[in-house]
């Protein structure tokens with residue numbers, strides 16, 4: 019600017035001193051023309067700054083933003099038309115009165131501007147008017163210098179010609195009379211203009227560096243004053259646009275989604291912080307380049323998607339494996355939308371990506387935990403049922419279905435009402451069951467334990483625990499454990515202890531009775547031998563002998579029950595033992611009209627006392643015959659079979675009848691000594707007690723199944739030999 023000042027001073031004094039007349043006229047004409055030309059050159063310099071600023075908008079394909087910048091350029095005095103020409107010479111955006119008219123650029127000037135960073139200035143005549151036009155190349159510097167197009171600006175010369183005419187008239191009128199005064203005033207005016215131009219140049223430099231807060235002082239109301247006001251207005255609009263853009267970028271950089279904007283050639287024009295975190299590339303690495311996240315094997319698919327976006331079709335909810343900078347892959351959920359310019363034309367696309375890595379890892383961990391839970395549920399020996407707060411079935415294991423004998427189709431259909439009916443039909447006390455369930459649902463935090471008894475003799479332990487999530491009860495877990503066998507063993511143990519005590523008592527009683535009973539029986543038999551035929555004492559003496567023998571038999575049973583006799587243990591065939599004993603029963607059964615069926619299938623042998631095992635068979639068969647009503651087509655079945663037991667192979671002896679059955683209230687007493695349901699004189703009540711004791715002595719067990727009105731089956735299991 020110092021050079022410009024010195025140039026103006028030199029010209030001014032060169033006109034005043036040598037000549038005042040004609041020379042002053044041409045000097046004033048030259049001065050005015052020079053000032054006008056300096057204004058236009060300044061306009062060109064300022065426009066270069068704006069073109070550099072707007073190149074970002076052109077490169078990003080934001081036509082609306084480019085139009086805003088062109089409209090900003092029109093704030094300059096004398097600029098009547100501004101156009102942005104693409105590399106092919108076609109108009110991309112235009113502002114000014116003639117923006118909508120057909121336009122053909124000067125081929126030579128347009129070609130020179132494309133290949134040079136220096137603006138091309140030339141004169142044009144249109145409609146009888148003279149214009150100065152400027153062709154200015156528009157380029158992008160990042161990531162490399164790339165020509166984006168040419169900016170065409172048409173300046174009117176009317177103001178310049180007006181300045182020239184007024185200046186000429188001024189100098190012509192007062193040139194001779196006020197030469198010296200004109201020199202002083204001219205110097206003062208030139209100094210003000212120069213200060214204004216210096217301020218404008220400083221503001222242009224700041225704007226080129228990205229600072230838009232400087233303002234140019236308006237020192238006059240002439241063309242330079244108008245230029246200063248227009249330039250200040252332009253800086254305000256640029257500052258507002260820049261602040262809005264920075265606010266938008268700051269906002270987008272705070273969201274967790276990767277935001278990527280691609281131009282119409284699939285080059286990256288925007289890349290936020292989440293995209294950098296997700297993929298590893300920074301914005302400086304990718305801006306202006308093709309999107310680097312697309313793996314080689316997905317390029318074809320990406321091109322199809324991008325063509326759809328450029329055609330205006332959105333694409334959403336795509337889970338794609340994308341590449342990271344370090345070579346690894348990350349699964350991202352993508353959605354993409356086309357972006358349109360102010361004229362509704364698709365010129366770019368925005369892609370939103372959500373990193374699914376954490377979610378997929380959580381889902382995998384959840385699937386693993388669910389698989390472990392399912393395996394645990396199916397592996398447990400308990401029946402597990404999970405219900406919600408309204409008692410609706412959510413989950414159960416197969417053990418639960420098997421224990422409760424609920425049809426699979428009922429559980430699969432989640433038919434809670436039918437499932438409950440199946441449960442209640444099996445219980446001895448369904449009302450108590452329902453009452454306890456209702457109590458637990460009224461107190462959702464309560465835990466519970468109780469015992470359920472079934473009509474068929476099974477026994478379940480029931481545990482209940484609330485399912486709590488974040489301190490809120492969302493359901494309940496029920497655990498059912500089948501303790502039928504344990505209950506049976508506990509009952510057997512109690513019975514065994516009771517029988518042991520009774521056995522000790524029986525042994526003492528038998529010894530005390532056996533000796534006097536022997537004396538009574540001996541004297542009765544001796545007296546009977548001495549009786550004469552028809553003696554009146556024959557009947558009482560024979561009665562004494564018979565009852566004494568009956569007492570002796572009872573004493574013998576008591577001694578056997580209390581182990582007072584030494585067993586003769588040997589290996590024997592249970593089929594043979596059972597068959598030989600059955601012959602003692604068949605005659606009695608035939609008299610009562612009861613059929614006897616033999617089903618001997620056992621191949622295993624057992625170790626035991628033959629006499630005691632025969633007593634087991636005899637007692638069970640006699641009880642079976644007694645259980646069948648005479649003359650009603652009764653049948654008893656004596657069968658043997660082999661069985662693979664938990665403790666090893668066993669031989670099973672079963673006696674089955676189709677008699678009256680055993681009532682439930684009697685079932686728990688059948689092994690008690692001296693307990694009998696037979697009429698007086700038909701039994702001692704020691705038969706089943708003796709059987710139970712003998713089986714226990716042979717390391718076996720005995721069980722019974724009975725249904726009133728259908729019959730009874732006793733099963734004796736003995737360890738197989740060998």
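Residue numbers (my numbering): 19 to 740. The beta carbon of each residue, even a glycine, is placed where N, CA and C say it ideally should be. Since the model is a prediction, treat every value here as computed from it, not as a measurement.
Local Cβ density within 10 Å of residue i, reported as buried at 16 or more and exposed below that
i, result
"residue 467", "exposed"
"residue 113", "buried"
"residue 388", "exposed"
"residue 148", "exposed"
"residue 324", "buried"
"residue 484", "buried"
"residue 173", "buried"
"residue 171", "buried"
"residue 135", "exposed"
"residue 720", "buried"
"residue 508", "exposed"
"residue 311", "buried"
"residue 424", "buried"
"residue 608", "exposed"
"residue 131", "buried"
"residue 318", "exposed"
"residue 503", "exposed"
"residue 106", "exposed"
"residue 622", "buried"
"residue 566", "buried"
"residue 735", "buried"
"residue 155", "buried"
"residue 137", "buried"
"residue 99", "buried"
Whole-number beta carbon distance between residue j and residue i, since they are thought to touch under 8 Å
i, j, result
"residue 278", "residue 301", "With 8 Å as the limit, residue 278 and residue 301 do not qualify as a contact, their Cβ atoms being about 10 Å apart."
"residue 674", "residue 729", "7 Å"
"residue 270", "residue 289", "Going by Cβ atoms, the distance from residue 270 to residue 289 rounds to 10 Å, so no, they are not a contact pair."
"residue 497", "residue 481", "4 Å"
"residue 638", "residue 602", "In fact, because the Cβ distance is near 12 Å, the residues do not count as touching under 8 Å."
"residue 340", "residue 308", "With 8 Å as the limit, residue 340 and residue 308 do not qualify as a contact, their Cβ atoms being about 14 Å apart."
"residue 592", "residue 669", "5 Å"
"residue 367", "residue 275", "Rounded, the Cβ-Cβ distance is 15 Å, inconsistent with contact."
"residue 150", "residue 282", "No, residue 150 and residue 282 are not in contact; Cβ-Cβ is about 34 Å, not under 8 Å."
Residue i (DSSP reduced to helix, strand or coil)
i, result
"residue 388", "helix"
"residue 493", "strand"
"residue 446", "coil"
"residue 423", "coil"
"residue 563", "helix"
"residue 731", "strand"
"residue 650", "coil"
"residue 688", "coil"
"residue 711", "helix"
"residue 739", "strand"
"residue 311", "coil"
"residue 675", "strand"
"residue 555", "coil"
"residue 351", "strand"
"residue 726", "coil"
"residue 500", "strand"
"residue 717", "coil"
"residue 273", "coil"
"residue 330", "coil"
"residue 394", "helix"
"residue 465", "coil"
"residue 363", "coil"
Heavy atom of the ligand MG within 7 Å of residue i beta-carbon
i, result
"residue 361", "The ligand MG is not part of the structure shown, which contains no ligands of any sort."
Exercise. Flag this pair as touching only if the stretch 371-379 and the stretch 351-360 have three or more C-beta atom pairs under 8 Å; answer yes or no.
Key: yes
Quiz item: Between the stretch 585-598 and the stretch 557-570, do at least 3 Cβ pairs fall closer than 8 Å?
Solution: no
Practice problem: May I ask you to verify whether the stretch 611-626 touches the stretch 645-652, counting CB pairs closer than 8 Å and requiring at least 3? | Solution: yes
Quiz item: Is it true that the stretch 378-394 meets the stretch 427-438, where meeting means three or more beta-carbon pairs spaced less than 8 Å apart?
Solution: no
Quiz prompt | Those runs of the beta strand (DSSP E) which lie wholly inside the stretch 80-161 and span at least 3 residues | solution = 97-103, 109-113, 138-144, 147-158
Quiz item: Counting Cβ pairs, one atom from each stretch, are 3 or more of them under 8 Å apart for the stretch 400-407 and the stretch 485-504?
Solution: yes
Quiz prompt | Complete beta strand (DSSP E) runs within the stretch 591-625 (minimum length 3 residues, chain order) | solution = 613-618
Self-check item: Validate contact between the stretch 120-130 and the stretch 393-402 using beta carbons, cut 8 Å, 3 pairs
Solution: no
Quiz item: Counting pairs of Cβ atoms below 8 Å between the stretch 528-543 and the stretch 442-450, do you hit three or more?
Solution: no
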